[in-house]
Amino acid sequence: MQSSVTPFGMFCSNHFPGFRLVPVWLDMNYLSSSQQYGPPISDPGYQRLANGHFQATVILEIGCITVHLHLDHELSGASYYFSSKSLTVEVYQILVDRGWRRSGTIFYKPDVLRHCCPHYTIRLPVASFKPSKDQRKAVNHWNDHVLGESYLKEASRLYPISKEEKARFKNTFDLTREIHKTEYENVKRPPEPAHRFEVTLEPAAFTLEKYELFKNYQQNVHKEKPHEISQAGFKRFLCDSPLKQTTRTVEGKEQQLGSYHQCYRLDGRLIAMGILDLLPHCVSGVYMLYHSDYEQWQFGKLSALREAALALEGGYQYYYMGYYIHSCVKMKYKGDYKTQHVLDPETYEWHPLEGEMRALLDKKPYVSMSRERRRKEMGIDGEQDDYSDYPYPTAAEAGKAVNKGVSLFELKVPGLMTAEEIEQQLDLATMPIRVGGRMAEAQDLVSWDGSELRNSKSIRGVIGRPIKNLPETITVSADASAAQIFEEIAKASRFSIHRLRVTKGSDGSPINNVRDVKVHDTGLRNKSAVDVKDLGPQISWRTVFIVEYLGPLLIHPLIYFGRSLIYGTSAPPSQLQKLTFLMCVAHFAKREFETLFVHRFSSATMPIMNIYKNSGYYWLLSGVNLAYWSYGPNSPAARPSNPLLTYLGVALFAIGEVCNYSTHLTLKNLRRPGSTERGIPKGLGFDLVTCPNYMFEAMAWIGVALVNWSLSTVLFIIVAVGQMGVWAWKKEKRYRKEFGDKYKRKRYAILPGIW
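Counted the way my numbering counts, the sequence shown spans residues 155 to 909.
#1: Name the two residues that bound the continuous beta strand (DSSP E) containing residue 279.
#2: Go ahead and label residue 375 buried or exposed: buried means 16 or more other beta carbons lie within 10 angstroms of its beta carbon, across all protein chains shown.
#3: Starting from the Cα of residue 880, find the closest Cα among 909, 898, 716 and give me that residue.
#4: Determine which residues share a DSSP beta bridge with residue 287 and list them.
#5: Below 6 angstroms CB to CB, which residues in the same chain sit around residue 850 once its five sequence neighbours on both sides are set aside?
#6: Once you ignore the five residues that flank residue 895 on each side, which residues in its own chain have a CB closer than 7 angstroms to its CB?
#7: Give me whichever residues DSSP pairs with residue 511 in a beta bridge.
#8: Mind checking who residue 692 pairs with in its DSSP beta bridge?
#9: From residue 317 to residue 300, what does the alpha carbon distance come to, in whole angstroms?
#10: Measure from the alpha carbon of residue 692 to the alpha carbon of each residue in 655, 444, 706, 682, then state which is nearest.
#11: Taking the alpha-carbon of residue 491 as reference, which of 280, 839, 517 has the nearest alpha-carbon?
#12: On the criterion of 16 or more Cβ atoms from any shown chain inside 10 Å, does residue 884 qualify as buried, or is it exposed?
#13: Since residue 914 is in the beta strand (DSSP E), which residue starts that stretch and which ends it?
#14: For residue 593 and residue 584, what's the separation of their Cα atoms in angstroms?
#15: Since I believe residue 268 is in contact with residue 547 (beta carbons under 8 angstroms), could you give me their beta-carbon distance rounded to a whole number of angstroms?
#16: Which value, in whole angstroms, describes the spacing of the CA atoms of residue 890 and residue 844?
#17: Specify, as a first and last residue, the run of the beta strand (DSSP E) that residue 412 falls within.
#18: Mapping DSSP to helix, strand and coil, what is residue 795?
#19: Could you check what DSSP says for residue 668 in three-state terms: helix, strand or coil?
#20: At what residues does the beta strand (DSSP E) containing residue 584 begin and finish?
#21: Counting only the same chain and skipping the five closest in sequence on each side, list residues whose C-beta sits under 7 angstroms from that of residue 419.
#22: Please check the pair residue 734 and residue 791, which I expect to be a contact at CB under 8 angstroms, by giving their CB distance rounded to whole angstroms.
#23: Note down, one range per segment and in chain order, each alpha helix (DSSP H) of at least 4 residues found wholly within the segment 713 to 761.
#24: Thinking residue 476 and residue 428 are a contact (beta carbons under 8 angstroms), I'd like their distance in whole angstroms, please.
#25: Just to confirm my understanding: we take residue 186, look at its own chain, exclude 5 residues before and 5 after, and list those with CB closer than 7 angstroms. What are they?
#26: Sorted by chain position, which residues of the same chain lie with C-beta nearer than 7 angstroms to residue 296's C-beta, five sequence neighbours on each side aside?
#27: Assuming residue 628 is part of the beta strand (DSSP E), what are its boundary residues?
#28: Kindly indicate if chain D contains any beta-carbon less than 8 angstroms away from that of residue 433.
#29: Can you tell me which residues form a DSSP beta bridge with residue 482?
#30: Under a Cβ-count criterion, where at least 16 other Cβ atoms within 10 Å of its own Cβ denotes burial, should residue 805 be classed as buried or exposed?
#31: Just verifying my parser: in three-state terms, what is the DSSP assignment at residue 903?
#32: Contact defined as beta carbons within less than 8 angstroms: I believe residue 470 pairs with residue 496. What is the distance between those atoms, to the nearest angstrom?
#33: Compare the Cα-Cα distances from residue 808 to each of 740, 865, 312 and report the closest residue.
#34: Look at residue 882 and residue 855 and say whether their C-beta atoms are less than 8 angstroms apart.
#35: If contact is defined by three or more beta carbon pairs under 8 angstroms, each pair taking one atom from either stretch, is the segment 394 to 410 in contact with the segment 336 to 354?
#36: Whose CA, out of 498, 570, 597, 568, lies closest to the CA of residue 582?
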């Protein structure tokens, strides 16, 4: 089984207006027909061409602009990247060993040759790691703080050790022993230590406790302003991960794999947290944060040593500390964990940092030991390197070349496959690609020119049309509302604001056209790239609701009062048929009233095709189908009534409709007028299920079924409950994601005890 993948892209931090990338496939050596991997990497679709940020695509350019926030800075460098919602740890291990790293769901690989500050992947073989004096000192100081002076004195009296053991502990630093000895479960008691210290490995899930720690760290260590920090940003950066958690057995022990948070708690308080990716052959450190109250305890060193110990104990073999930047003072500490090995950017071999490589890095920014070896074999002397095999040696030159149409294959990047290698090693024609939620082989995709926008299964229908006159940049204030982004784009491109879909270029998350959210609250920063898509012709939600409910509201009277023409009968309708008619008309009249005066819509419009789909559902299933089989002379409703069932049905209908209306009022009041910000719904039924409005609507229709005993009503109930159940579970997931720990999770979405 082949893994499916979309092409990788490139971005540069210098601004080169009008960049365009051709579709390319890069660094795909890790794909093999003999390997079984998880779901496909990302959907094809967008091409990024602003602020030097790009993403290649197999389809076409949709459109992208840069949002300026009245700030300015210039950097120089280039990276390749892709995004993925799901990736196996095996694939990511291969990517890491080819120079890739992840940030949330974004995977990136710096172009080492053209980067101003080359990023080198490093790893530490933990079996041979010997902590330095400073590193041992940090552990000892922390351990003394946790245990306390009085505990140390009393414990030495209660639990004496031999002179031989004392000498061994003094002369030999056992990393795993020293790292774990002050954890509360390992402390000999009595007496009680000064502090209760606990370290747990937890799923990489959001909690308010973790977010508060993150907020403190960003403000005090990275000096970020409060408005620059958000729960959404924390989730995106340190909680969202495409790596699926799994386990395997290594030498008889269970080994955890996936993304985790290593949480450090002192006396029950979360004081530090390491974000880790546990891969088949390494512990990969993603990020580390600690509370400013504990800055003096050197948690950078403590966490690195603990993560190295985890790699040793868990049988992961290596500890990856991310990228090493030799010219960056803040990065040089990684070289203190010896002996580090550096990934060769051209051959992906590992070489020791110490010795020859460190000496070369002191002299020049880009070092490839395999290139140095070739230079020696060819008898080339001197320190000046020859990069003639790379036609564009700087990011600026490479950017200008791409702007003129040079493909990324011609550009060349150290270590990446050539077009010829890809053609020889990969069957691109059978590469699975996810398009509009469906899987297709590349060779089966129809051409762009031959497809129709109105065909939702075609490439053009899935992707949309390019937007003419789309501006290259717009300028808005950081304090402006998010709606102003839409207004500026619509104004500059002379395009309907309701047809625009705007997403952040960094992670694809949507930006909503609302006035109660500021630009800086969306996570956009100076020169951020946003993707703009034409959603096609739109129609308002309110109009769709009015039309879809109007059908049954008209169809039921037409069939009810036209019985003589439709059924050829002069007999008057039965009491049950009259009651069914009144109940159906009352229900849809209520829905029209709610649409006009109660409902608030988070989105102004929807695709115009939805009016046909929604109307077809209501007009046919609850209109023609239900009315025709309920009002005929042979309908079960034409028989004499069963008073008990009839009264029960009417009671259920009345209670269901009243309670449904009550829940709609509750949902209406969750939003302020003109706002899309929601509160947590509370009140009638919300303690039982996620969507009691759907539950009460189902109750009302069960009441109708008890009155008319028609299979057409039962069919409508089954279809309606099925659809509402899907909507309810989606809403439950949205509530959990939006409100986090504040929201009390529901076991049932629509029917208590059932679904």
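Glycine included, C-beta positions come from ideal geometry on N, C-alpha and C.
Looking at the atomic coordinates:
#1: Counted from its first residue, the sequence shown places residue 279 at position 125. 274 to 279 is the extent of the beta strand (DSSP E) around residue 279.
#2: Here residue 375 is taken as the residue at index 221 of the sequence shown, counted from 1. It counts as exposed.
#3: Within the sequence shown, residue 880 is the residue found at index 726, counting from 1. Minimum Cα distance to residue 880 is reached at 909.
#4: Taking the first residue of the sequence shown as 1, we reach residue 287 at position 133. According to DSSP, residue 287 bridges with nothing at all.
#5: Residue mapping note: residue 850 aligns to position 696 of the sequence shown, counting from 1. Result list for residue 850: 810, 813, 814, in chain order.
#6: Within the sequence shown, residue 895 is the residue found at index 741, counting from 1. These residues qualify, in order along the chain: 361, 362.
#7: Counted from its first residue, the sequence shown places residue 511 at position 357. DSSP, once it has assigned bridges, lists no residue as partnering residue 511.
#8: Residue numbering aside, residue 692 sits at position 538 when the sequence shown is read from its first letter. According to DSSP, which records beta bridges pairwise, residue 692 is partnered with 761.
#9: Within the sequence shown, numbered from 1, the residue matching residue 317 stands at position 163. Within the sequence shown, numbered from 1, the residue matching residue 300 stands at position 146. Rounded to whole angstroms, residue 317 to residue 300 spans 25 angstroms at the Cα level.
#10: Taking the sequence shown and counting its residues from 1, one reaches residue 692 at position 538. Here the closest residue by C-alpha is 655.
#11: If you number the sequence shown from 1, residue 491 lands on position 337. The option with the nearest alpha carbon to residue 491 is 280.
#12: On the sequence shown, position 730 is the one that residue 884 refers to. So residue 884 counts as exposed.
#13: This structure gives no information on residue 914, because the portion of the chain shown stretches from 155 to 909.
#14: Taking the first residue of the sequence shown as position 1, residue 593 is located at position 439. Taking the first residue of the sequence shown as position 1, residue 584 is located at position 430. Between residue 593 and residue 584, the C-alpha separation is close to 11 angstroms.
#15: Along the sequence shown, read from residue 1 onward, the residue named residue 547 stands at position 393. Along the sequence shown, read from residue 1 onward, the residue named residue 268 stands at position 114. Residue 547 to residue 268, Cβ: 7 angstroms. Contact.
#16: Walking along the sequence shown from the start, residue 890 turns up at place 736. Walking along the sequence shown from the start, residue 844 turns up at place 690. Going by the C-alpha atoms only, they are around 11 angstroms apart.
#17: On the sequence shown, residue 412 is found 258 positions in, with the first residue counted as 1. Residue 412 -> beta strand (DSSP E) spans 407 to 420.
#18: The sequence position of residue 795 within the sequence shown is 641, counting from 1. Residue 795 falls in the coil class under three-state DSSP.
#19: Counted from its first residue, the sequence shown places residue 668 at position 514. In the structure shown, residue 668 sits in coil (DSSP, three-state: anything other than H, G, I, E or B).
#20: The sequence position of residue 584 within the sequence shown is 430, counting from 1. Residue 584 -> no beta strand (DSSP E), and no H or E assigned at all.
#21: Numbered from 1 along the sequence shown, position 265 holds the residue referred to as residue 419. Excluding residues within five positions, the ones whose Cβ falls inside 7 angstroms are 352, 425.
#22: Residue mapping note: residue 734 aligns to position 580 of the sequence shown, counting from 1. Residue mapping note: residue 791 aligns to position 637 of the sequence shown, counting from 1. Right, the Cβ-Cβ distance comes to about 6 angstroms (below 8 angstroms), so this counts as a contact.
#23: 717 to 721, 729 to 751
#24: Taking the sequence shown and counting its residues from 1, the one referred to as residue 476 is at position 322. Taking the sequence shown and counting its residues from 1, the one referred to as residue 428 is at position 274. Not confirmed; about 12 angstroms, so no contact.
#25: For the purposes of this step, residue 186 is taken as residue 32 along the sequence shown, with counting starting at 1. With a pLDDT of 25 at residue 186, under the threshold of 50, the predicted position of this residue should be treated as unreliable, though the coordinate-derived value follows. Cβ within range, chain order: n/a, list empty.
#26: The residue given as residue 296 occupies position 142 in the sequence shown. Same-chain partners within the cutoff: 451, 456.
#27: Here residue 628 refers to the residue found at position 474 when the sequence shown is read from its first residue. It spans 627 to 629 - the beta strand (DSSP E) in which residue 628 sits, taken as one unbroken run.
#28: Judged by its chain identifiers, the structure shown contains no chain D, having just a single protein chain.
#29: On the sequence shown, residue 482 is found 328 positions in, with the first residue counted as 1. Answer by DSSP bridge pairing: none, since residue 482 is not bridged.
#30: Within the sequence shown, numbered from 1, the residue matching residue 805 stands at position 651. Burial call: exposed.
#31: The residue given as residue 903 occupies position 749 in the sequence shown. DSSP places residue 903 in coil when its eight states are reduced to three.
#32: For this step, residue 470 is matched to residue 316 along the sequence shown. For this step, residue 496 is matched to residue 342 along the sequence shown. Incorrect: roughly 19 angstroms between the Cβ atoms, too far for contact.
#33: To locate residue 808, count along the sequence shown from 1; it is residue 654. Comparing Cα positions, the closest option is 740.
#34: Taking the first residue of the sequence shown as position 1, residue 882 is located at position 728. Taking the first residue of the sequence shown as position 1, residue 855 is located at position 701. The answer is no: Cβ separation not under 8 angstroms.
#35: no
#36: What you label residue 582 is simply residue 428 of the sequence shown in a count that begins at 1. Among 498, 570, 597, 568, the Cα nearest to that of residue 582 belongs to 597.
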